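Trainee: The structure's right below; bear with me while I get my questions together.
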Amino acid sequence: MTDRLDRAVGAVLGSAAGDALGASYEFGPAGQLTARGAEMLGGGGWEPGEATDDTQMAVLVGESLLERGGLELPDVFDRFRRWAAGEPKDIGLQTEDVLTSGESWDLAAALHFQVNARAAGNGSLMRASTAAVYFAPSGRAATMDAARRIAALTHGDRAAWEGTAVLHELVRVALAGADPLAALPETLESVHPDHRERYARVLDPGWHPDLATEFNGAVWPCLGSAVWALRTTTGFAQAVRAAVDLGGDTDTVAAVTGTLAGARYGQAAIPDTWTAPLHVPLPGFGDRALDADALRDLARRLATAGPEG
Numbered sequence: 556m557t558d559r560l561d562r563a564v565g566a567v568l569g570s571a572a573g574d575a576l577g578a579s580y581e582f583g584p585a586g587q588l589t590a591r592g593a594e595m596l597g598g599g600g601w602e603p604g605e606a607t608d609d610t611q612m613a614v615l616v617g618e619s620l621l622e623r624g625g626l627e628l629p630d631v632f633d634r635f636r637r638w639a640a641g642e643p644k645d646i647g648l649q650t651e652d653v654l655t656s657g658e659s660w661d662l663a664a665a666l667h668f669q670v671n672a673r674a675a676g677n678g679s680l681m682r683a684s685t686a687a688v689y690f691a692p693s694g695r696a697a698t699m700d701a702a703r704r705i706a707a708l709t710h711g712d713r714a715a716w717e718g719t720a721v722l723h724e725l726v727r728v729a730l731a732g733a734d735p736l737a738a739l740p741e742t743l744e745s746v747h748p749d750h751r752e753r754y755a756r757v758l759d760p761g762w763h764p765d766l767a768t769e770f771n772g773a774v775w776p777c778l779g780s781a782v783w784a785l786r787t788t789t790g791f792a793q794a795v796r797a798a799v800d801l802g803g804d805t806d807t808v809a810a811v812t813g814t815l816a817g818a819r820y821g822q823a824a825i826p827d828t829w830t831a832p833l834h835v836p837l838p839g840f841g842d843r844a845l846d847a848d849a850l851r852d853l854a855r856r857l858a859t860a861g862p863e864g
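All letters in the sequence shown, in the order written, are residues 556 to 864 by our numbering.
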C-alpha cells in the first residue's frame, strides 16, 4: 500500500510540478527550457512554482470527489463555473465558452460542440490526475467511464473523452506497479472504435511529436507527446523536461507527462527544487492556495477513498 500511495502522490504532485515548470514557456518554440538553463524561475506572467488552470481544475475535481463521496457531475461543473467567474489568469477558450454560456451542466458542452463542430482540445486531459488516482481502484472499465463523463462536462467531442479515458487507464496500471507502456495495446482495445486508429497512431512506439498533424493543444498530440516523453526517458525530471522542450502548449503537455511519470516513478523522483515553490491558487474560492504538502494530502485522501471495483 505504501508504494501505491507513493505513486498516487507522484501522479498528482507530478502533474502540478510539470504544469508549473511548463507555464512560463507556453506557446514558445522548442528547446527553450534547455536554452534557458534554469528551472522554476517563473515568467510569462507566472510566479516561480505557480500552477495554472491545469492544476486548479484538477484540484476542483479532486475536492468534489472527496466532499461528495463520489462523482457528482453537477457539483464538479458548478465548481468549474465558480472558478471561471473568478477570472483565472489562464483558461482555455473552449472551456471558458462552455462554463460562461449559462447553459446547464448536461447541455453546455454538447451545445458548444454542435455550434462549433470542434472540441478536441486537451483541456479535459490536463486536469485528469486527481480523478485518475481516485478511480484507479475501480478497474479499467469504471475508471475509463468516469474519465469520459468528467471530460464531457466541458468537451463535446468524443475524441477528448477517449484521450482522457486512456490517461486514466495508464495511471491505473502504473499505480498498480505495472508498466503503463506495456498496457497500451490492451488499453486501445477499450477506446471507442471511431477513435481507436487515431490514438493507436500517436501512441505507437514509432511516433514522434514532430509527426503530429495538429498543434499539441489538441488532445491527440498532447497525449502522444506525454507518452513519447515517458517512453524515451528514464526518470521523472528527464521526462518532464523533454515535454517542456517540445514547445507549444508546454504547461499541459508537461502536466500530462508529470501525471504519467509521477505515477510510474513515485513522488520521491520529483525534484525538491520543483516542489518547494509550488503553489496552486484557486480563483473564485477566496484567497485559497495549495502548496506541495496540501497536494500530497489531497492525493493520499483520493487514493484511499476511491471505490473498489
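Ideal Cβ placement from N, Cα and C applies to all residues, glycine included. Given the structure is predicted, the values throughout are model-derived calculations rather than measurements.
1) Thinking A714 and W775 are a contact (beta carbons under 8 Å), I'd like their distance in whole angstroms, please.
2) Exposed or buried, what is F582 when buried is set at 16 or more other beta-carbons lying within 10 Å of its beta-carbon?
3) Given F865, which residues of its chain have a CB within under 7 Å of its CB, disregarding the five upstream and five downstream residues?
4) When burial is assigned at 16 or more other CB atoms within 10 Å of the CB, is Q822 buried or exposed?
5) Could you check the C-alpha separation between A640 and S745 for me, to the nearest Å?
6) Could you name the residues of the same chain whose beta carbon sits closer than 7 Å to that of L560, not counting the 5 residues immediately before and after it, in chain order?
7) Near A781, what residues of its chain come up, given a Cβ to Cβ distance below 7 Å and the 5 sequence neighbours on each side ignored?
8) Count the CB pairs spanning the stretch 823 to 842 and the stretch 593 to 604 that are closer than 8 Å, and state whether there are at least three.
9) Could you give the first and the last residue of the continuous beta strand (DSSP E) run that contains P836?
10) Using a threshold of 8 Å, state whether the C-beta atoms of G647 and G678 are closer than that.
11) Out of P740, V795, T788, state which residue places its alpha-carbon closest to the alpha-carbon of A578.
12) Check whether the stretch 721 to 729 touches the stretch 684 to 702, counting contact only when three or more Cβ pairs, one atom from each stretch, lie closer than 8 Å.
13) Just to confirm my understanding: we take F632, look at its own chain, exclude 5 residues before and 5 after, and list those with CB closer than 7 Å. What are they?
14) With a floor of 4 residues, list each alpha helix (DSSP H) that falls wholly inside the stretch 753 to 784, ordered by position along the chain.
15) When DSSP labels each residue in this structure, what does G583 get in the three-state scheme?
16) Give the secondary structure of G803 by DSSP, where H, G and I count as helix, E and B as strand, and everything else as coil.
17) Who are the near neighbours of T719 in its chain, counting only those whose CB is closer than 6 Å to its CB and skipping five residues on each side?
18) Have a look at V757 and P584 and give me their C-alpha separation to the nearest angstrom.
19) Drop a sphere of 10 angstroms on the beta-carbon of M556, count the other beta-carbons inside from all chains shown, and report buried for 16 or more, exposed for fewer.
20) What is the rounded straight-line gap between the Cα of G779 and the Cα of M699?
21) Determine, using beta carbons only, whether L736 and L785 come nearer to each other than 8 Å.
22) Can you find the residues in the same chain that come closer than 6 Å, C-beta to C-beta, to A853, ignoring five residues on each side of it along the sequence?
23) Based on Cα-Cα distance, which residue from F635, S619, D645, R634 lies nearest to A575?
24) What is the rounded straight-line gap between the Cα of N671 and the Cα of D558?
25) Identify which residue in P862, L801, P838 has its Cα closest to the Cα of Q587.
26) Excluding the five sequence neighbours on either side, which residues of its own chain have a C-beta within less than 6 Å of the C-beta of A613, listed in chain order?
27) Kindly list the residues whose CB is nearer than 8 Å to the CB of L845, restricted to its own chain and excluding five residues on each side of it in sequence; keep chain order.
28) Any idea if G604 is buried or exposed, counting beta-carbon neighbours within 10 angstroms, 16 or more meaning buried?
Mentor: Reading it off the structure:
1) Taking the first residue of the sequence shown as position 1, residue 714 is located at position 159. Taking the first residue of the sequence shown as position 1, residue 775 is located at position 220. Indeed they touch by this definition, with Cβ atoms about 7 Å apart.
2) Locating residue 582 in the sequence shown gives position 27, counting from the first residue. Flag for F582 reads exposed.
3) In the structure displayed, the chain extends from 556 to 864; residue 865 sits before or after that span and is not available.
4) What you label residue 822 is simply residue 267 of the sequence shown in a count that begins at 1. By the 10 Å Cβ count, Q822 comes out buried.
5) Locating residue 640 in the sequence shown gives position 85, where the first residue counts as 1. Locating residue 745 in the sequence shown gives position 190, where the first residue counts as 1. A640 and S745: Cα-Cα distance of roughly 36 Å.
6) The sequence position of residue 560 within the sequence shown is 5, counting from 1. So the list reads R855, A858, once near-sequence residues are dropped.
7) Stepping through the sequence shown from its first residue, residue 781 is reached at position 226. Result list for A781: A798, V808, V811, T812, L815, in chain order.
8) yes
9) Within the sequence shown, the letter at position 281 stands for residue 836. Start and end: 834 to 836.
10) In the sequence shown, residue 647 corresponds to position 92, counting from 1. In the sequence shown, residue 678 corresponds to position 123, counting from 1. Yes, the Cβ-Cβ distance between G647 and G678 is below 8 Å.
11) Locating residue 578 in the sequence shown gives position 23, where the first residue counts as 1. Of the listed residues, the one whose Cα sits closest to A578 is V795.
12) yes
13) Position 77 of the sequence shown holds residue 632. Excluding residues within five positions, the ones whose Cβ falls inside 7 Å are W660, L708.
14) none
15) Working through the sequence shown from its first residue, we reach residue 583 at position 28. Note: G583 maps to strand in three-state DSSP.
16) Residue mapping note: residue 803 aligns to position 248 of the sequence shown, counting from 1. Strand.
17) Walking along the sequence shown from the start, residue 719 turns up at place 164. Around T719: S679, L680, A683, A702, A706.
18) Sequence index remark: in the sequence shown, residue 757 carries index 202 (1-based). Sequence index remark: in the sequence shown, residue 584 carries index 29 (1-based). C-alpha separation (whole angstroms): 21 Å.
19) Here residue 556 refers to the residue found at position 1 when the sequence shown is read from its first residue. Caution applies to M556, whose pLDDT of 45 falls short of 50 and renders its modelled position unreliable; the model cannot decide the point.
20) Here residue 779 corresponds to residue number 224 of the sequence shown, with the count starting at 1. Here residue 699 corresponds to residue number 144 of the sequence shown, with the count starting at 1. Cα to Cα, the separation comes out at about 17 Å.
21) Locating residue 736 in the sequence shown gives position 181, counting from the first residue. Locating residue 785 in the sequence shown gives position 230, counting from the first residue. Cβ atoms of L736 and L785: closer than 8 Å.
22) Here residue 853 refers to the residue found at position 298 when the sequence shown is read from its first residue. Sequence inspection shows Leu at residue 853; the Ala mentioned does not correspond to that position. Only G617 meet the Cβ criterion.
23) The sequence position of residue 575 within the sequence shown is 20, counting from 1. Ranking F635, S619, D645, R634 by Cα distance to A575 puts D645 first.
24) Taking the first residue of the sequence shown as 1, we reach residue 671 at position 116. Taking the first residue of the sequence shown as 1, we reach residue 558 at position 3. Distance between the alpha carbons of N671 and D558 is about 44 Å.
25) For the purposes of this step, residue 587 is taken as the residue at position 32 of the sequence shown. Checked all of P862, L801, P838; the closest Cα to Q587 is L801.
26) For the purposes of this step, residue 613 is taken as residue 58 along the sequence shown, with counting starting at 1. Hits under 6 Å: R682, S684, T685.
27) As a working note, residue 845 is residue 290 in the sequence shown. Same-chain partners within the cutoff: V614, H834, V835, L837, L853.
28) Here residue 604 corresponds to residue number 49 of the sequence shown, with the count starting at 1. By the 10 Å Cβ count, G604 comes out buried.
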